[in-house]
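Just so you know, we're using the UniProt record's numbering here: the sequence shown kicks off at 1 and counts up by one.
Every residue, glycine too, gets a C-beta built ideally from N, C-alpha and C.
Worksheet: the structure to be examined is printed underneath.
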Amino acid sequence: MTRSPSTPSVTKRNRRAMLASVFGLALAGVVAGQFIPPANTPALAQITTSQPANTFSFADIVEKVSPAVVSVKVKKDIGDQQMAMGGEGLGGNVPPQIEEFLKRFGFGQGGPGMGPGGPGGPGMGPRGGMGPKGERPVVGQGSGFIISADGYVVTNNHVVDGADEVDVTTTDGKEYVAKVIGTDPRTDVALLKIDNVTNMPWVKLADGAPRVGDWVIAVGNPFGLGGTVTAGIVSARGRDIGSGPYDDFIQIDAPINRGNSGGPTFSLNGEVIGMNTAIVSPSGGNVGIAFAIPSETVKTVVTQLRDKGSVARGYIGVQIQPVTEDLASGLGIKSAEGALVAQVQPNTAGAKAGLKAGDVVVKVNGEPIKEARELSRKVGMMKPGAEVQLSVIRDTKPMDIKVVLDQLPNEQVASRTNTPQGEDDSAGNKDMPRLGLQLAPSKSVQGAGGEGVVVTGVEPNGPAAQRGLKTGDVILKVGDKTVATPKDVRDGLAAAKAENRKAVLIQVKSGEGVRFVAISLEGKAKG
Numbered sequence: 001m002t003r004s005p006s007t008p009s010v011t012k013r014n015r016r017a018m019l020a021s022v023f024g025l026a027l028a029g030v031v032a033g034q035f036i037p038p039a040n041t042p043a044l045a046q047i048t049t050s051q052p053a054n055t056f057s058f059a060d061i062v063e064k065v066s067p068a069v070v071s072v073k074v075k076k077d078i079g080d081q082q083m084a085m086g087g088e089g090l091g092g093n094v095p096p097q098i099e100e101f102l103k104r105f106g107f108g109q110g111g112p113g114m115g116p117g118g119p120g121g122p123g124m125g126p127r128g129g130m131g132p133k134g135e136r137p138v139v140g141q142g143s144g145f146i147i148s149a150d151g152y153v154v155t156n157n158h159v160v161d162g163a164d165e166v167d168v169t170t171t172d173g174k175e176y177v178a179k180v181i182g183t184d185p186r187t188d189v190a191l192l193k194i195d196n197v198t199n200m201p202w203v204k205l206a207d208g209a210p211r212v213g214d215w216v217i218a219v220g221n222p223f224g225l226g227g228t229v230t231a232g233i234v235s236a237r238g239r240d241i242g243s244g245p246y247d248d249f250i251q252i253d254a255p256i257n258r259g260n261s262g263g264p265t266f267s268l269n270g271e272v273i274g275m276n277t278a279i280v281s282p283s284g285g286n287v288g289i290a291f292a293i294p295s296e297t298v299k300t301v302v303t304q305l306r307d308k309g310s311v312a313r314g315y316i317g318v319q320i321q322p323v324t325e326d327l328a329s330g331l332g333i334k335s336a337e338g339a340l341v342a343q344v345q346p347n348t349a350g351a352k353a354g355l356k357a358g359d360v361v362v363k364v365n366g367e368p369i370k371e372a373r374e375l376s377r378k379v380g381m382m383k384p385g386a387e388v389q390l391s392v393i394r395d396t397k398p399m400d401i402k403v404v405l406d407q408l409p410n411e412q413v414a415s416r417t418n419t420p421q422g423e424d425d426s427a428g429n430k431d432m433p434r435l436g437l438q439l440a441p442s443k444s445v446q447g448a449g450g451e452g453v454v455v456t457g458v459e460p461n462g463p464a465a466q467r468g469l470k471t472g473d474v475i476l477k478v479g480d481k482t483v484a485t486p487k488d489v490r491d492g493l494a495a496a497k498a499e500n501r502k503a504v505l506i507q508v509k510s511g512e513g514v515r516f517v518a519i520s521l522e523g524k525a526k527g
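The structure is reproduced here in structure tokens:
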């Protein structure tokens with residue numbers, strides 16, 4: 001499925017260009033169901049205040065909820081290899097779309113400042129040094145919070161991705177080994193479990209969404225300092241920052257810094273309204289723009305991770321696009337809202353239900369669809385096998401179509417062994433010409449169709465970006481060879497390089513149609 005702007009007044013492309021030109025994006029990361037924690041102890045969210053009249057303080061709330069907020073320390077066996085990684089998690093294991101921002105502003109591998117940094121990246125976060133042989137050094141830290149008395153802990157996927165051991169430390173200094181139950185890279189949610197505990201302090205995930213302007217309190221472990229509290233307001237909702245297909249972030253202005261990743265943001269009644277995951281910043285430090293994953297997303301993802309260790313998502317099998325004013329006029333509909341079906345893939349739920357190209361989906365189960373992206377999010381929140389009612393406009397006439405959802409094909413199972421959502425076109429070969437792209441087979445990406453290789457990420461200053469390639473484009477041929485996998489693309493580049501060509505001709509399919517693009521092969525892949 002294609003994406004659409006998160007607001008009608010600013011296009012997604014313009015918004016991303018604005019963010020990319022001003023800020024670097026530093027990491028601070030849906031389905032049906034609800035996580036119901038054991039009831040043997042009460043949540044810490046039941047706040048009663050004792051402060052004097054005519055005064056205002058967050059102290060009572062903080063005192064109640066802080067015991068459930070933990071520091072997450074990530075460890076990894078490194079053998080005889082010296083390794084130092086700055087920032088959160090294991091460094092470098094970040095979504096490719098976010099990594100583009102980091103690289104552009106020098107926060108990537110080996111870069112300066114406070115970015116996550118791969119091996120060799122200076123960073124400003126805690127470093128993992130070499131201990132005695134066989135020990136697992138700490139190579140990253142983040143935050144998390146306990147959501148049940150029996151020790152379930154929520155944090156970001158990018159904090160624990162690739163870890164051999166995860167330790168959590170509570171505010172009273174107690175340290176526990178936690179195991180990773182499951183992770184979901186698409187929403188950047190991870191679920192941990194502390195075994196053999198029954199009376200842990202815990203906090204409740206809020207059932208409803210906050211309003212813009214509501215006070216919020218963030219608690220976490222910035223820069224490895226330990227429990228730190230900041231406050232602010234909800235600045236916006238429904239933000240799409242380009243980190244994944246299900247972006248629906250809450251924007252807050254409470255100061256969030258590196259190490260806050262995975263930490264909770266609380267409402268004034270002590271419920272978790274979001275999990276802190278990313279910041280926009282030119283330096284890696286707080287500038288008052290931070291993003292949190294909404295509690296309803298966390299709750300539904302955690303439910304499946306707890307029950308199955310993975311996340312299965314609903315799938316219709318259609319390619320969609322936004323409804324512009326021109327399209328609305330051409331379709332004979334009154335408003336530029338909804339999701340226009342551009343293509344229905346054969347033998348999918350949508351095809352079986354009778355959806356057709358040209359249909360405009362305006363409601364899902366009675367809930368309005370204002371933009372195309374909302375359809376992707378709503379369907380992704382549902383389980384495979386669920387029956388949904390789509391209200392569509394076909395040939396200017398409204399009609400309802402019932403669809404029994406398939407499972408998103410080739411879904412990357414949410415586990416510690418996940419591969420990235422896309423492969424780099426050079427795949428680590430320093431002698432291989434590279435385009436600056438993240439690639440995946442089109443068949444494995446929702447809405448990309450069945451042919452070619454889809455672009456899942458574009459390095460802003462790479463050769464492909466300079467020729468206008470963008471996320472969602474599909475590469476059909478490299479040279480005169482049809483491609484179906486990222487390896488086919490690499491082989492085509494290598495063949496052109498072996499023939500001493502200065503450029504390679506690539507056939508690309510995009511929203512504008514099919515075209516050929518010539519990309520220079522001068523130089524080698526960057527490390």
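Anticipated Cβ contact below 8 Å, residue i with residue j, distance rounded
| i | j | result |
| --- | --- | --- |
| Q389 | N365 | 6 Å |
| D188 | H158 | 6 Å |
| V298 | V160 | At roughly 15 Å, the Cβ-Cβ gap does not stay under 8 Å, so V298 and V160 are not in contact. |
| Q438 | G457 | 3 Å |
| G314 | G380 | 6 Å |
| V216 | P210 | 7 Å |
| A231 | F56 | Actually they do not touch by this definition, with Cβ atoms about 11 Å apart. |
| A372 | Q321 | 6 Å |
| S442 | V474 | 6 Å |
| A149 | N199 | 6 Å |
Best match in the options for proximity to residue i [C-alpha to C-alpha]
| i | options | result |
| --- | --- | --- |
| K179 | V392, T155, I217 and G173 | T155 |
| K76 | F56, D164 and V70 | D164 |
| G285 | R377, F266, D240 and F223 | F223 |
| G151 | E175, V139, D195 and T169 | D195 |
| D253 | N276, G270, I241 and L268 | N276 |
| R394 | I333, K352 and A372 | I333 |
| D359 | Q345, A339, L375 and G309 | A339 |
| P463 | L205, L493 and F291 | L493 |
| G274 | G385, V234, A351 and G309 | V234 |
| Q507 | N500, E499 and I519 | I519 |
| I293 | A190, T198, V203 and A349 | A190 |
| Q407 | A312, T471, K174 and V229 | A312 |
| G227 | F249, K370, R306 and S71 | S71 |
| G330 | T396, S295 and F291 | T396 |
| I369 | E499, V301, I241 and E337 | E337 |
Under the three-state DSSP convention, the category residue i falls into
| i | result |
| --- | --- |
| residue 535 | Residue 535 is absent from the structure shown; the chain starts at 1 and stops at 527. |
| T297 | helix |
| G511 | coil |
| P409 | coil |
| A518 | strand |
| A494 | helix |
| K179 | strand |
| K481 | strand |
| N157 | helix |
| G111 | Confidence at G111 is low in this model, with a pLDDT of 33, below 50, so the placement of that residue should be treated as unreliable; the coordinate-derived value is given next. Reduced to three states, the DSSP call for G111 is coil. |
| A190 | strand |
| V94 | Low local confidence applies: a pLDDT of 48 at V94 is under 50, so the model's placement there is unreliable, with the coordinate-based value given in what follows. Looking at V94 - three-state DSSP - the assignment turns out to be coil, as it is neither helix nor strand. |
| A149 | coil |
| S57 | coil |
| E165 | strand |
| M275 | strand |
| G224 | helix |
| S281 | strand |
| K174 | coil |
| S444 | helix |
| K76 | coil |
| V453 | strand |
| S261 | coil |
| K470 | coil |
| A312 | coil |
Residue i beta carbon near the ligand NAP (any heavy atom closer than 8 Å)
| i | result |
| --- | --- |
| I333 | In terms of ligand content, the structure shown is empty, and the ligand NAP therefore cannot be addressed. |
Endpoints, the beta strand (DSSP E) within which residue i is located
| i | result |
| --- | --- |
| A386 | No beta strand (DSSP E) holds A386; DSSP gives it neither H nor E. |
| V234 | T228 to R239 |
| P201 | First-last for P201: undefined, no H or E at that position. |
| V265 | Looking at the sequence itself, residue 265 is Thr, so the reference to Val does not match. Looking at the DSSP string, the run of the beta strand (DSSP E) that includes T265 is P264 to F266. |
| V212 | Note, V212: premise wrong, no beta strand (DSSP E); not H, not E. |
| I250 | F249 to I252 |
The alpha helix (DSSP H) enclosing residue i, as first and last residue numbers
| i | result |
| --- | --- |
| L439 | Counting along the chain, L439 falls outside any alpha helix (DSSP H), though it belongs to the beta strand (DSSP E) covering L437 to P441. |
| Q466 | P463 to Q466 |
Beta strand (DSSP E) segments (min. 3 residues) lying fully within the UniProt domain "PDZ" (317-396)
Segments of the beta strand (DSSP E) lying fully in the UniProt domain "PDZ" (317-396): 318-322, 339-344, 360-364 and 387-394.
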